[in-house]
Each structure stands twice: as C-alpha cells, then as structure tokens.
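**Q**
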Amino acid sequence: MDLTSDGFEAERPQPIRSGWRRALLIFTALGAGGFAAGRIAYRLDSVTLPMSLVMLSTLAPFFALLGFGLWWLVFGDYGRVTRVLLALAAAAVVVAVPFLAHGFWVPQPGGMKMFGLIWGAPLATAVAGLVLAFVPALRGWPAILVAMVAVSPWLLTRTEGVTGAFDLDVSFRWSTPPTAAAEEQLAGRATVAPTAAVADVPVGPADWTGFRGADRAGVAPVAAFQGWDGTAPKERWRKNPIGPAWSSVCVAGDFLFTQEQRGESESVVSYRTADGTEVWAHGDAGKHTDWASGAGPRATPTLANGRLFAATASGAVVALQAGSGAPLWRVDLKEKYGATKPPFGWSSSPLAVGELVVLSPAAPEAPRLVALSAATGELKWQTEAKGTYGYSSPQLSTVANVPFVLMFNGEGLFAHDPATGAEVWRYDWKVQANEPATVQPLVLAGDRIVIGGGIKGTGTRCLAVAKSGEKWSVTEKWATTKFTPVFNDVVRFGDFLFGLDTGRLVCLDLASGSIRWREGNYGSGQLLLVGDKLLVASEQGRLACVAASGDEYEELWALPAVKGKTWNHPVVAGGRLYFRNPTEMATYDLPGYMGRK
Numbered sequence: 161m162d163l164t165s166d167g168f169e170a171e172r173p174q175p176i177r178s179g180w181r182r183a184l185l186i187f188t189a190l191g192a193g194g195f196a197a198g199r200i201a202y203r204l205d206s207v208t209l210p211m212s213l214v215m216l217s218t219l220a221p222f223f224a225l226l227g228f229g230l231w232w233l234v235f236g237d238y239g240r241v242t243r244v245l246l247a248l249a250a251a252a253v254v255v256a257v258p259f260l261a262h263g264f265w266v267p268q269p270g271g272m273k274m275f276g277l278i279w280g281a282p283l284a285t286a287v288a289g290l291v292l293a294f295v296p297a298l299r300g301w302p303a304i305l306v307a308m309v310a311v312s313p314w315l316l317t318r319t320e321g322v323t324g325a326f327d328l329d330v331s332f333r334w335s336t337p338p339t340a341a342a343e344e345q346l347a348g349r350a351t352v353a354p355t356a357a358v359a360d361v362p363v364g365p366a367d368w369t370g371f372r373g374a375d376r377a378g379v380a381p382v383a384a385f386q387g388w389d390g391t392a393p394k395e396r397w398r399k400n401p402i403g404p405a406w407s408s409v410c411v412a413g414d415f416l417f418t419q420e421q422r423g424e425s426e427s428v429v430s431y432r433t434a435d436g437t438e439v440w441a442h443g444d445a446g447k448h449t450d451w452a453s454g455a456g457p458r459a460t461p462t463l464a465n466g467r468l469f470a471a472t473a474s475g476a477v478v479a480l481q482a483g484s485g486a487p488l489w490r491v492d493l494k495e496k497y498g499a500t501k502p503p504f505g506w507s508s509s510p511l512a513v514g515e516l517v518v519l520s521p522a523a524p525e526a527p528r529l530v531a532l533s534a535a536t537g538e539l540k541w542q543t544e545a546k547g548t549y550g551y552s553s554p555q556l557s558t559v560a561n562v563p564f565v566l567m568f569n570g571e572g573l574f575a576h577d578p579a580t581g582a583e584v585w586r587y588d589w590k591v592q593a594n595e596p597a598t599v600q601p602l603v604l605a606g607d608r609i610v611i612g613g614g615i616k617g618t619g620t621r622c623l624a625v626a627k628s629g630e631k632w633s634v635t636e637k638w639a640t641t642k643f644t645p646v647f648n649d650v651v652r653f654g655d656f657l658f659g660l661d662t663g664r665l666v667c668l669d670l671a672s673g674s675i676r677w678r679e680g681n682y683g684s685g686q687l688l689l690v691g692d693k694l695l696v697a698s699e700q701g702r703l704a705c706v707a708a709s710g711d712e713y714e715e716l717w718a719l720p721a722v723k724g725k726t727w728n729h730p731v732v733a734g735g736r737l738y739f740r741n742p743t744e745m746a747t748y749d750l751p752g753y754m755g756r757k
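Take the position in the sequence shown, starting the count at 1, then add 160; the result is the number in the working numbering.
1) According to DSSP, is residue 349 helix, strand or coil?
2) Can you say whether residue 239 is buried or exposed, counting buried as having 16 or more other CB atoms within 10 angstroms of its CB?
3) Three Cβ pairs or more, each shorter than 8 Å: is that satisfied between the segment 738-745 and the segment 397-407?
4) Answer yes or no: do residue 650 and residue 584 have a C-beta to C-beta separation smaller than 8 Å?
5) Terminal residues of the continuous alpha helix (DSSP H) containing residue 495?
6) How far does the alpha helix (DSSP H) with residue 226 in it extend, from its first residue to its last?
7) For the putative contact between residue 701 and residue 726, defined by C-beta atoms under 8 Å, what is the C-beta separation to the nearest angstrom?
8) What residue does the alpha helix (DSSP H) around residue 761 start on, and which one ends it?
9) Since residue 383 is in the alpha helix (DSSP H), which residue starts that stretch and which ends it?
10) Are the CB atoms of residue 528 and residue 574 within a distance shorter than 8 Å?
11) Between the Cα of residue 324 and the Cα atoms of 755, 660 and 703, which residue gives the shortest distance?
12) How should residue 414 be labelled, buried or exposed, when 16 other C-beta atoms within 10 angstroms of its C-beta is the threshold for buried?
13) May I have the straight-line CA-CA distance separating residue 267 from residue 425, to the nearest angstrom?
14) Looking at C-alpha atoms only, which residue of 678, 637 and 682 is the closest neighbour of residue 671?
15) Measure the Cβ-Cβ separation of residue 222 and residue 278 and say whether it is below 8 Å.
16) Just the C-alpha distance for residue 472 and residue 293, rounded to the nearest angstrom, thanks.
17) Alpha carbon to alpha carbon, how far is residue 687 from residue 212? Give it in angstroms, no decimals.
18) What's the C-alpha gap between residue 719 and residue 378?
19) Enumerated in chain order, which unbroken segments of the beta strand (DSSP E) with a length of 3 residues or greater are wholly contained in the segment 565-622?
20) By the three-class DSSP mapping on this structure, what secondary structure does residue 215 have?
21) Can you tell me which of 396, 372 and 625 puts its alpha carbon nearest to the alpha carbon of residue 748?
22) Can you tell me whether residue 675 is helix, strand or coil according to DSSP?
23) Work out the CA separation of residue 469 and residue 460 for me, nearest whole Å.
24) By Cβ distance below 8 Å, which residues in the same chain neighbour residue 639 in space, the five residues on each side in sequence not counted?
25) Mapping the DSSP letters down to three states, classify residue 270 as helix, strand or coil.
26) Do residue 562 and residue 554 count as a contact pair if the criterion is CB distance below 8 Å?
27) Does the beta-carbon of residue 465 have 16 or more other beta-carbons within 10 angstroms, so that it is buried, or is it exposed?
28) With a threshold of 16 other CB atoms inside 10 Å of the CB of residue 242, please say whether the residue is buried or exposed.
29) I need the boundaries of the beta strand (DSSP E) containing residue 442, first residue and last residue.
30) Expressed to the nearest angstrom, what Euclidean distance is found between the alpha-carbon atoms of residue 606 and residue 689?
31) Could you give the C-beta distance for residue 710 and residue 676, rounded to a whole number, given that I count them as a contact under 8 Å?
32) If you draw a straight line from the C-alpha of residue 458 to the C-alpha of residue 406, how long is it?
33) Does residue 712 pass the burial test, meaning 16 or more other C-beta atoms within 10 Å, or should it be called exposed?
34) Near residue 264, which residues of its chain fall below 7 Å by C-beta distance, leaving aside the five closest residues on each side in sequence?
35) Give me the residue from 507, 483 and 627 with the minimum Cα distance to residue 476.
36) Could you tell me whether the segment 476-489 touches the segment 427-442, where touching means 3 or more Cβ pairs closer than 8 Å?
Below you can see the structure in the form of structure tokens.
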C-alpha cells in the first residue's frame, strides 16, 4: 500500500467504470459517426439522398451532446440535485460561449454563432470530457485549456456565409472581409454625376438588356458572338474593387449597367464597355445583409426605351434615365404594398413590357405581381392573388402562340395577361417554405415549359400547355427528382437540357427527362449558352467552356476569371464576355468577333 508522508493512503486514479465515461464515449461516437456518414453519403450520392437525412447528419454532433445531457440527468454518477446543477451550468456555458464570442464585435457573426453551437460546443464538450475521463494528469485547469483549444476554430474564425452546398465559407475573424473593404472604399461614390450625359442609349441586336437576356432563357443572341472562333477570350479590362452584389449586368452599345452596395446605399452603376470607366452612379439608401449570402443587391437592372429599371434588395424600385442616371421615379414595395422582405432580400428583377414595368413583391401579404407605368411609376394593375417568398423574376414568354407574363414561385407556375394582370392558367406545385422558387421557367418551342429548383431533391418537371376553345390545360409530360437545379438556371440546346445540380453539370434528354451524363465540378455556378457551347461560371470564379452535346461531356477550355464566391450570371454582348462577383468585374474580347465596326 502506498502511503503519503503523513501516513494516509495515496489517492489513485479511478478505473474506467460503466458510468458517464462510457456514456460520453458512446454519444461522442454517435455524433461524430453520424456527421461523417452523412457527409460521405452526400458526396457519393447527392441526388437520391433525402434532404432530411442530410440535415439530420449535420445536426448529429448537437443531438449527441443533447443525448449525453439527458443521460446525465437520469443516470449520472452524482446526486440528483448535483446532476441538475451541473447540467444547467454546462448548458449555460455551451450556449453562452458562441453567442458571447460572436455577439457584438465581429462582422457578419450570425452564422458562426449557429455553427459554433451545433458543432463547436459539442466538440469542445466531448474533448474536455474525454480528457477528464481518461487523462487524470490533465484534470482541472489543463482540461479547460484543452476544451478552449478544441473550440478555438469557432472562436478564431468568422463566417463569410455559405456555399451553394451550405458548406461554411470562413476566414480569420479579425481580417477585413473583401466585400466590406469594397463597401467602405466606395461609400463616398454611392451617387456620382456623369461628366457628360448621353441623350439616349439605343439597343441593338448584339445587346443584353436584362436578367438572363430575351425570354430569360440564358441564350446569347447570334449577333453578340458572330465570328467567334470558340477559343478562350482575351482579357480586356478588370475592375477591382466593385461594390458587393449578386447582380448580373445588362449591356447596350458602349454602356454596361449593374448594381452594387456602396456604404449604406444600393447603387445602380454605369460603366463604359470599352475600358471599364465609371460613367455615373445612383445610390438609393438601404442595405440588406444576411449571414448566408452577405450584403448587396440581388436583382439585375432592366433597360428599355432609354430607361433603366432596378430593384434593390431592401425593397425599392427605381427608374433612371439610362444615359445620365437621373432619377425618374421610385416606389417602395414595403410602403406601397405592405410587403415584408424575403429572408435573403428582394431578388426579383424588373420586367419591361411595352410601357409597363412588371414586378414581383415576393411576399405573402402583397400581390403576386404588380405593373407600373414605365414613365411615371403609377400603378396600372395588380393581381388579386397574393404572392409568396421567392427569388425568381417575372418573364414575358409566348406559350401556345399567346404572350404571357409567367411567374414561378413557391406555390407553382402562373400565367398572367400582360395587359390586365388577369390569371389565365396555373400549375400548382407547392414547396416547403424553406425551399422557395429561384430558377426561371424555361419555355421551349411550342407549348412546353421546364420548371424546377428548390432544395436538393425537389426535382424538375416538364409541362405541356394547351388551349381548347376558351379553356386552358396544363399537363405534366415528365418529372424527375434526379435533377434539382436549386438556384442555378438551366439552358436548352437542341434536344437536351443542361443545368447544375450539387456542383455537377448535368445533361438531360428533353423528351423523357432521363439523365444523359453528369460530370465536372462547378459548385453552384451559372450557365450561358453561346451558339453550340456552354459557358459555365463556377462558384469559385472559374469560367469554363463545355460542348453542348448530349453524347459526352467535353470541357474545351477554362480560365480563372474572378476570385472568391461567385453566384453571378455571365453575359455575352457585342463580342465581349462580362463576368463579375461581389468584389471584381472582368471583361474579355471574343477572338474572331465580326460584329464590331
């Protein structure tokens, strides 16, 4: 028997018992194993894996911590009062640490608080508990230091939002976010008067006047790339920084228009297409930001009859003189229609229809669509039906030889008379509130329409629209859950449909919806059809050219275009390729283009 100097028996480490130590091991293994299994399964089969299982595996560490806490309350090694007090103290620490660490002085803190709670706190608890259980020499303050090391990734980092796959995009917590630096640098240029106003901005066949081009189909007009030899474009100019936004651009002749967050204003900005020189900027007070997608406008300006129409993420719609940026009118969707802001901000781009501008307030309290006078902003019509949260835009399309304003949202697809706003036909497809519609309907020749989107697993459907007498009917031609474009718009070439699903470029047979091939890794990027080629803008800012073939996947060339997360749509107009993200914009010349004088 070992004795101390005063004659008492020396304290010995207690052997591992079947109490809290074993329970901690089991719950730690369940949490780590559930999370790892879910991520592996998602990588191996992201198409058929139910979204509920993905979410369950993501929360597995938190559920494991909760399970261990409940076990402790019922079967813990100490008295009931002691167990309850220890459980309450541990719960307070687990909840308090992420919120105190990221609650006040860290920019964009919301996401890290959540992930610190569901991942960081369980990891720190498990590591500290296992050290206390099996390494007696590290009990006490050393165990606390070990726990602090375990939780340090969530204390020393800051989320910059998430990727399209909802993976964290993180950086060192005390670094300055590039988007914030751009906002601050450009704050004094929210509104900039033109040095020389232009009387008119005419539109030609090689131009691109709104979000996703004509019919919002994502197809470059032939005049925009005539003579291009198909090789990689050559950089002409680059603008860095620009104000953050998920907006694309519209282009007419010598001018390019886009939107940016500049300080506390959402600005519409005009640049010269030849060299990127800023022509004018018009700022509208307001700023939307959220932890997942960051700050800045989401919509793209629309150009029609010399006027530029733009919707801010904060809920304002402005009409400007395109040549000078002079304001013509302004409407606030919140004040005018009582619309509440969608979680990720107003994202719907305006639609110009003759002398009307059609808008989607995208809120349950407001009309599904409203039409304003393009000249004055006066209300001309509004739908009787209410809307719903969503991020797609109204589009003017001809279906079965009749023009309609189409609107796809979380309730389905709706066709309205452009002149009166009356609903003519509809296709009900209600999705969950957290799966709002973002993808534009793709109208095929004749009477078919492809719709899809939502969160992974929602799928894609092909509809046929017909009229018999005065009655319209909508029937489903095919449906698949093996392809869900989420918020990545699709394009059509020949008999094939192309789109991105969980980062993979997918080709579908338009006749049946069957998958022809699934290749590449582009993240949540965007597509543009240019002739018989697909320009694929990856989520990482890379531009790739892929043959639009249903037989096989072939990447013809690729180039690093912009740095950082990129969800913006590329544009080809007037022999140039325009591409931007929240921090920079690059313009490229298409080799061989014959359309420029």
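Think of the CB as a built atom: it goes at the ideal place given N, C-alpha and C, for glycine as much as any other residue. These numbers were taken from a predicted model, which means no experiment stands behind them.
**A** Taking the structure as given:
1) Per DSSP, reduced to three states, the secondary structure at residue 349 is helical.
2) exposed
3) yes
4) no
5) 493-497
6) Start and end: 220-235.
7) About 4 Å separates the CB atoms of residue 701 and residue 726; that is less than 8 Å, so the two are in contact.
8) Given a span of 161 to 757 for the chain in the structure shown, any question on residue 761 remains unanswerable.
9) 382-385
10) Cβ atoms of residue 574 and residue 528: closer than 8 Å.
11) 660
12) exposed
13) In this prediction, residue 267 has a pLDDT of 45, which is less than 50 and means its spatial position is unreliable; nothing more can be read from the coordinates.
14) 637
15) Against a cut-off of 8 Å, the Cβ pair of residue 278 and residue 222 comes out as a contact.
16) 55 Å
17) 28 Å
18) Counting only the Cα atoms, residue 378 lies some 21 Å from residue 719.
19) 572-576, 583-588 and 608-612
20) helix
21) Residue nearest to residue 748 within the set 396, 372 and 625 is 396 (criterion: CA-CA distance).
22) strand
23) 9 Å
24) 619, 620, 621, 622 and 673
25) Annotation note: pLDDT 48 at residue 270 (below 50); position unreliable, coordinate value reported separately. Note: residue 270 maps to helix in three-state DSSP.
26) no
27) exposed
28) exposed
29) 438-445
30) 20 Å
31) The C-beta distance from residue 710 to residue 676 rounds to 5 Å, short enough to meet the 8 Å contact threshold.
32) 5 Å
33) exposed
34) Model confidence at residue 264 stands at a pLDDT of 46, short of 50, so the residue's coordinates are unreliable; what they give is reported in the following sentence. Closer than 7 Å at the Cβ level, and outside the excluded window around residue 264, lies no residue.
35) 507
36) Verdict: yes, contact present.
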